[in-house]
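Asks: Would you mind keeping the following structure in view while I ask a few things?
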Amino acid sequence: MDLIMGNWKMHTNHLDAIQMIQKLFYRLDRKDYERVEVVVAPPFTSLRSAQTVIETDRMPFGLGAQNVHFEEKGAFTGEISPAMLAKLSVSYVIVGHSERRAMFGETDDVVNKKAKAVLNAGMRPVVCIGEVLEQREAGQALDVVVGQLRGSLSGISAEEAEEVVVAYEPVWAIGTGLSASTDDAAEVTDAIRAALLEMWGPEGEKTRILYGGSVNQGNIAGFMAKRTIDGALVGGASLDPDSFAGVVRYWI
Ligand code: PGA
0 MDLIMGNWKM HTNHLDAIQM IQKLFYRLDR KDYERVEVVV APPFTSLRSA
50 QTVIETDRMP FGLGAQNVHF EEKGAFTGEI SPAMLAKLSV SYVIVGHSER
100 RAMFGETDDV VNKKAKAVLN AGMRPVVCIG EVLEQREAGQ ALDVVVGQLR
150 GSLSGISAEE AEEVVVAYEP VWAIGTGLSA STDDAAEVTD AIRAALLEMW
200 GPEGEKTRIL YGGSVNQGNI AGFMAKRTID GALVGGASLD PDSFAGVVRY
250 WI
């Protein structure tokens, strides 16, 4: 099923999170959930409240986290383990978001360890990859993205293909209002699909590929119409329940 995931980044306290989830719930209905899997990824401090409201009111939302440490436990001050997230009914964990790669030094190797740790804890990694503007202008977008894909998924087997989500997010399109053209995005997601099939054989078809970068209710339908785009990772537009609901209902 298509997947639309809201990445709230470092926005909202736990009370805001409860309100936003309730508002989103009122704006969507059964027909939406039949077509689209809807996931929200609030900050760590809101996860428990989000879990409680989702479970108490039996809302058909998945819960995501924005980051995780790859170790199970130990002396890692300030870090959160996969098991801690799994216990909060988190089912998706974003790993290697470009903001973490750029500002917190995450390499493909670290992202790979995180993706494996998330799978081992029974959750799904949303592995983010994407080129920066200079790389696109130098004609290197496909090579960069496929290189990140291979590095980030190294050692993960074809049996786990279905549990893995890949998010293609051109870094220059994130939070800038400049989304990639649907054709440019699809050229890269086609290359990602081809690389997944090469890595995993036919199982590689089961991995969902998301587009992310200034997605909103006005441009989502164009991305979703592409054969190799199975959903979206949405930042800014996910912070307003009306606009996020508009993204989820792209098909109406
Ligand atoms: P944006 O963020 O939709 O605000 O561009 C997307 C993301 O960073 O996941």
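Letter by letter, the sequence shown follows residues 0 to 251 in numbering that gives the first Met the number 0. Even glycine gets a Cβ: it sits at the ideal position worked out from N, Cα and C.
1. Cα separation between Glu186 and Ala220?
2. Less than 8 Å between the CB atoms is what I'm expecting for Leu27 and Val38, so what's the real figure, rounded?
3. Can you tell me whether Lys112 is buried or exposed? The criterion is at least 16 other CB atoms within 10 Å of its CB, across all chains shown.
4. Does the Cβ-Cβ distance between Ile128 and Tyr167 come in under 8 Å?
5. Indicate whether Gly234 and Asn6 have their beta-carbon atoms separated by less than 8 Å.
6. Within the continuous beta strand (DSSP E) that includes Val233, where are the two ends?
7. With three or more beta-carbon pairs closer than 8 Å as the criterion, would you say the stretch 134-141 touches the stretch 105-125?
8. Determine, using beta-carbon pairs with one atom in the stretch 224-233 and one in the stretch 194-202, whether at least three such pairs fall under 8 Å.
9. Go to Ile93, then tell me how far its beta strand (DSSP E) extends in each direction, as first and last residue.
10. Is Asp28 helix, strand or coil when you go by DSSP?
11. For Val89, which residues from the same chain have a beta carbon less than 7 Å from its beta carbon, with the 5 sequence-adjacent residues on both sides left out?
12. On a Cα-Cα basis, can you pick out the residue from Ile20, Val165, Val117, Ala101 that is closest to His68?
13. Ile53: beta carbon under 7 Å from a heavy atom of the ligand PGA?
14. Verify whether the separation of the beta carbon atoms of Ser178 and Asn218 is less than 8 Å.
15. What does the alpha-carbon distance come out to for the pair Leu209 and Val35?
16. Would you tell me roughly how many angstroms separate the C-alpha atoms of Thr188 and Val94, rounded to the nearest one?
17. I want to check one thing, is the minimum distance from the CB of Gly245 to the heavy atoms of the ligand PGA below 7 Å?
18. Report the residue from Glu162, Ala49, His96 whose alpha carbon sits nearest the alpha carbon of Gln147.
19. Go ahead and pull the three-state DSSP assignment for Met198.
20. Find out if the Cβ-Cβ distance for the pair Ser156, Val126 is shorter than 8 Å.
21. Which first and last residues belong to the alpha helix (DSSP H) in which Gly150 is found?
22. Once DSSP output is grouped into helix, strand and coil, what is the label at Asp1?
23. State the Cα-Cα distance for the pair Met223 and Tyr249, rounded to the nearest angstrom.
24. Enumerate, from N- to C-terminal direction, the unbroken beta strand (DSSP E) stretches of 3 or more residues contained entirely within the stretch 69-122.
Replies: Taking the definition as stated:
1. 17 Å
2. With 8 Å as the limit, Leu27 and Val38 do not qualify as a contact, their Cβ atoms being about 13 Å apart.
3. buried
4. yes
5. yes
6. 230-233
7. no
8. no
9. Under the DSSP assignment, Ile93 falls in the beta strand (DSSP E) whose first and last residues are 91-94.
10. coil
11. Leu46, Leu62, Gly63, Ala64, Met122
12. Val117
13. No.
14. yes
15. 13 Å
16. So the two alpha carbons sit approximately 18 Å from each other.
17. Not under cutoff, so the answer is no.
18. His96
19. helix
20. no
21. 140-152
22. strand
23. Computed Cα separation, rounded: 8 Å.
24. 91-94
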